[in-house]
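**Q**
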Amino acid sequence: MSRPLVLILGAGANVGAAVAHRFSQDGYQVAISARRIADGISPEGYITIQADLSEKTAVPHIFAKVKSAAGIPSVVIYNAATFTPPPPNAPLSLSPEALDRDIWVNTHSAIIAADCAVKGFEQLPETAKKTFIYTGNWLNTTISASSALLTLGVGKAASAYWVGSADQAYSQKGYRFYYADQRTPEGTAMRTGVDGKAHAEFFKQLADRQDPSVPWLATFVTGKGYIDFSK
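Each residue of the sequence shown is one higher than the one before, starting from 1 at the first, in the UniProt record's numbering.
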């Protein structure tokens, strides 16, 4: 029997690396994409795909390469993010090029990845646990005091909406979509100290369906897992 496959888009040194390691430890074949890696196989045995997610054709290209090399992922994790600080005291004065690039990475490419994931899920056995996880943060619910995060906040807020909509649309088929947001134990934003290992453990719990009642807005705390901070 072939190993399950996880695809991590935007596999950086913190969350991406920890998530790849955690899934690999549990028997998954791992495929990662990032701008600063070469196509090939990493020392850890991961399939590596060089890609810039601001490019309009990047995501379909990644999925095609993964399918050719290893098959169809049952777990897809979108971990990419970017922002361009606007000029001081002029938060709306971003160039159209910067705005387009940031929103494309933070939202558009993620939607395309989700669509590619769904098309793959439809080809997998019914027994496979099909999961899409978007690495979120608090900006879908809170306006940052810093205007530097404008395009990141716009992207996260927009993506939270489509993730929730996708989970509503596809959960009856057994496909789950999550906007995963690490919080402090008090429920406030993780402005510093984002914990890659905590993300990895929680993402694995979501993929395993350890608690099927976790909603699409999956706020979590290190060492505790899902906590509902909406009340």
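Just so it is clear, CB atoms sit at the ideal spot from N, CA and C, and this is done for glycine as well.
In this text the structure is predicted, and so the values were computed from the model without any measurement.
#1: Looking at the secondary structure, which residues open and close the alpha helix (DSSP H) in which Ser159 lies?
#2: Within the same chain, show all residues whose beta-carbon is closer than 7 Å to that of Asp167, passing over the 5 residues directly before and after it, in chain order.
#3: Tell me where the beta strand (DSSP E) around Ala180 begins and ends.
#4: With 16 as the cutoff for other CB atoms within 10 Å, does Tyr46 come out buried or exposed?
#5: In terms of alpha-carbon separation, which member of Ala51, Gln25, Ile62 lies closest to Arg36?
#6: Give me the Cα-Cα distance between Leu99 and Thr84, rounded to the nearest whole angstrom.
#7: Restricting to runs no shorter than 4 residues, where is the alpha helix (DSSP H) found entirely within the segment 38-84?
#8: Quick check: what's the CA-CA separation for Ala90 versus Thr151?
#9: Could you check what DSSP says for Ile133 in three-state terms: helix, strand or coil?
#10: Counting C-beta neighbours from all protein chains within 10 Å, is the total for Ile41 16 or more, i.e. buried, or is it exposed?
#11: Based on the DSSP output, what are the partners of Gly225 in its beta bridges?
#12: What would DSSP say about Gln29, mapped onto helix, strand or coil?
#13: Could you tell me the distance, in whole angstroms, from the CA atom of Pro125 to the CA atom of Gly174?
**A** Quick answer:
#1: Numbered from its first residue, the sequence shown carries residue 159 at position 159. Its alpha helix (DSSP H) spans residues 150-170.
#2: Locating residue 167 in the sequence shown gives position 167, where the first residue counts as 1. Closer than 7 Å at Cβ, skipping near neighbours: Arg176, Phe177, Trp216.
#3: Here residue 180 refers to the residue found at position 180 of the sequence shown. Run containing Ala180: 175-182, per the beta strand (DSSP E) assignment.
#4: Position 46 of the sequence shown, counted from the start, is the residue given in the question as residue 46. Its Cβ being crowded by 16 or more others within 10 Å, Tyr46 is buried.
#5: Within the sequence shown, numbered from 1, the residue matching residue 36 stands at position 36. Measuring from the Cα of Arg36, the nearest candidate turns out to be Ala51.
#6: Sequence index remark: in the sequence shown, residue 99 carries index 99 (1-based). Sequence index remark: in the sequence shown, residue 84 carries index 84 (1-based). When rounded, the distance between both Cα atoms is 8 Å.
#7: 58-69
#8: Working through the sequence shown from its first residue, we reach residue 90 at position 90. Working through the sequence shown from its first residue, we reach residue 151 at position 151. About 13 Å.
#9: The residue given as residue 133 occupies position 133 in the sequence shown. Note: Ile133 maps to strand in three-state DSSP.
#10: Taking the first residue of the sequence shown as position 1, residue 41 is located at position 41. Result: exposed.
#11: Position 225 of the sequence shown, counted from the start, is the residue given in the question as residue 225. According to DSSP, Gly225 bridges with Val221.
#12: Along the sequence shown, one-based indexing puts residue 29 at 29. DSSP places Gln29 in strand when its eight states are reduced to three.
#13: Working through the sequence shown from its first residue, we reach residue 125 at position 125. Working through the sequence shown from its first residue, we reach residue 174 at position 174. In a straight line, the C-alpha of Pro125 is about 11 Å away from that of Gly174.
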